[in-house]
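Asker: Dropping the structure in here first, questions after.
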Ligand code: ADP
Ligand code: MG
C-alpha cells in the first residue's frame, strides 16, 4: 500500500511542477541579503510586482557594516520582508514558480540567511531554487520592464560600481559576462565612504558626499590619480592622499573641513568619477562598443549619471542608467537575473551553499 501511495504523490508533484514550468507567465520571488539590505521582490516575467527593502540603520554608528550585526538583522527582517513582498504583489504564495536568491559574492553570514531561507521555503512549496550572482543582478537590473527606459542590446559594457566592487563588465548575453577591469584594492563605493569618514560624515558617506558636492566647486582641490595598467582601478592611494591633504590644511585652519565641506566633497567626487571614466572610455573605445551602462550603488550618484550622459553625447554612445531604486542593493534585480536562469532551466540543488567570493 505504501509504494503506490508514494508513487501517486510523486506523480502529482511532478505534474504540478511540469505544469508550472510549462505555463507562459513566470512568477519569481527574489531574495537579496548579501550585505546590509534585506530585500524581497515578486516579479511576473520582467515586470516588478513588489520590491521591499529593509535597510539596517545599526551600522551607521560604527562607520561601516559590522558583519555579525548584519546577519542578525537579516534573520529578524527576512520573514516580514518576504511576507510584505508577497502581500504587496497581491499574489498567493502558491503562485510562485521559483525562488531566486543571492548566493554570492558578499558577507558570508548575511548570504547564509537568504540562502537558507530560500532553500527552506522552496522545499516547503515544492518549487525550484535559483542561485544568482549578485553582480549579475546589478547588470541585469537594466532588463526590468520600464516604459520610460529602453533595454540594452548585446554586447554592451557595464560599469558596475558599489561598496564592494568596481568592475568594467563586457556583457555578451544575459548570463554571459566577462570582467575586463576591476579594482586591485578598494571599491569606488569604499572610496566615497572612507573619504566621508575622514570628513566626519556618517556611513554610508557616498550619498552625503553627492548631496554636499552639489553646492561645491569640483575644481577647487586636486588629488592624485592612480597609475594602474589595463582597465584596472585602484582607490586606496586616493584615501591616503585625502588624509594627508586634510591633515596639512587642518594645521593651517582647524575648521578647514567645516569651512570648505562642499568644495572638498565636490573635488573628491570629481576625482573618483574622473578615475572611473578614464578607464571606462578606454575599454569602450578599444572594444568598439557603443552601448554603455552603469550599475551598482554608486551609479545612484548624480554626477556619475550626468557624466555618463555627457560622455555618451560626445562619443555617440547609447547610454543606460538604472532607476534609483534598482541601483543600490535590491531583490528585484535578483529576481530578474533569476528569470534568465529559469528560462534556461538552470536551477540549483538543495545542497548549494552561499559563497562569499563568487566570480561573475
Ligand atoms: P553593496 O556594495 O553591498 O553591493 P550597493 O550596491 O547598495 O551595496 O552599494 C552601496 C554603495 O553605494 C555604498 O558605498 C554607498 O556609499 C554608495 N552610494 C550609494 N548612493 C551613492 C551616491 N549617491 N553617491 C555615491 N555613492 C553612493
Ligand atoms: Mg551591490
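In the working numbering, the protein residues as written are 388 to 747.
The beta-carbon is built from N, C-alpha and C at its ideal position, and this holds for glycine as well.
1) Excluding five sequence neighbours on each side, which residues of the same chain lie with their C-beta closer than 8 Å to the C-beta of residue 450?
2) Under the three-state reduction of DSSP, which class applies to residue 620: helix, strand or coil?
3) Can you give me the Cβ contacts of residue 545 inside the same chain, cut-off strictly under 6 Å, excluding the 5 residues immediately before and after it?
4) For residue 776, I'd like the list of residues in its chain whose CB is within less than 7 Å of its CB, leaving aside the five on either flank, ordered along the chain.
5) Which same chain residues, not among the five before or five after residue 600, have their C-beta less than 6 Å away from its C-beta?
6) Let me know the secondary structure DSSP gives residue 608 once reduced to three states.
7) Taking only heavy atoms of the ligand ADP into account, decide whether any of them is closer than 7 Å to the Cβ of residue 514.
8) Round the Cβ separation of residue 684 and residue 485 to the nearest angstrom and send it over; I've been treating them as touching at under 8 Å.
9) Mapping the DSSP letters down to three states, classify residue 518 as helix, strand or coil.
10) Can you list, in chain order, the stretches of the beta strand (DSSP E) that have 3 or more residues and sit fully within the region 458-505?
11) Exposed or buried, what is residue 732 when buried is set at 16 or more other beta-carbons lying within 10 Å of its beta-carbon?
12) So if DSSP puts residue 564 in a beta bridge, which residue, or which two residues, is it bridged to?
13) At 4 residues or longer, and completely inside the region 652-732: list those alpha helix (DSSP H) runs for me, N to C.
14) Between residue 569 and the ligand ADP, is there a pair consisting of the residue's CB and a ligand heavy atom that are separated by less than 7 Å?
15) For residue 539 and residue 424, what's the separation of their Cα atoms in angstroms?
16) Among 607, 576, 493, which one has its Cα closest to the Cα of residue 457?
17) Taking only heavy atoms of the ligand ADP into account, decide whether any of them is closer than 7 Å to the Cβ of residue 589.
18) Hey, would you say the C-beta of residue 422 is under 7 Å away from at least one heavy atom of the ligand ADP?
19) May I ask you to report which of helix, strand or coil DSSP gives residue 431?
20) Taking C-beta to C-beta, are residue 745 and residue 491 nearer than 8 Å?
21) How long is the line joining the alpha carbons of residue 715 and residue 391, rounded to whole angstroms?
22) How big is the Cα-Cα spacing for residue 567 and residue 530?
23) DSSP on residue 424, reduced to helix/strand/coil?
24) CB of residue 553 to nearest heavy atom of the ligand ADP: below 7 Å?
25) Checking the sheet assignment: what are the DSSP bridge partners for residue 511?
Answerer: To lay it out plainly:
1) Only 584, 589, 590 meet the Cβ criterion.
2) Three-state result, residue 620: strand.
3) So the list reads 526, 556, 558, 680, 682, once near-sequence residues are dropped.
4) Residue 776 is absent from the structure shown; the chain starts at 388 and stops at 747.
5) Its chain contains 652, 653, 656 as the residues whose beta carbon lies nearer than 6 Å to that of residue 600, once the 5 sequence neighbours on both sides are disregarded; these appear in chain order.
6) Correct three-state label for residue 608: coil.
7) For residue 514, the CB stays at least 7 Å from every heavy atom of the ligand ADP.
8) That pair is no contact at about 26 Å.
9) In the three-state reduction of the DSSP assignment, residue 518 falls in the strand class, which pools E and B.
10) Here the runs fully enclosed are 485-491.
11) By the Cβ neighbour-count rule, residue 732 is exposed, with fewer than 16 other Cβ atoms within 10 Å of its own.
12) Paired residue(s): 558.
13) Counting only unbroken stretches of 4 or more residues, the alpha helix (DSSP H) elements lying wholly within the region 652-732 are 689-702, 719-730, in sequence order.
14) Not one heavy atom of the ligand ADP is found less than 7 Å from the C-beta of residue 569.
15) When rounded, the distance between both Cα atoms is 27 Å.
16) Taking the Cα of residue 457 as reference, the smallest distance to any Cα among 607, 576, 493 is reached at 493.
17) Taking the Cβ of residue 589 as the reference point, every heavy atom of the ligand ADP lies at 7 Å or farther away.
18) Residue 422 has its Cβ nearer than 7 Å to a heavy atom of the ligand ADP.
19) Residue 431: strand per DSSP, three-state reduction.
20) Taking a C-beta distance under 8 Å as the contact criterion, residue 745 and residue 491 qualify as a contact pair.
21) For residue 715 and residue 391, the gap between their C-alpha atoms comes out near 51 Å.
22) Straight-line Cα distance between these residues: approximately 22 Å.
23) Here residue 424 sits in strand by DSSP.
24) No, the beta carbon of residue 553 sits no closer than 7 Å to any heavy atom of the ligand ADP.
25) For residue 511, which the question treats as bridged, DSSP gives no partner whatsoever.
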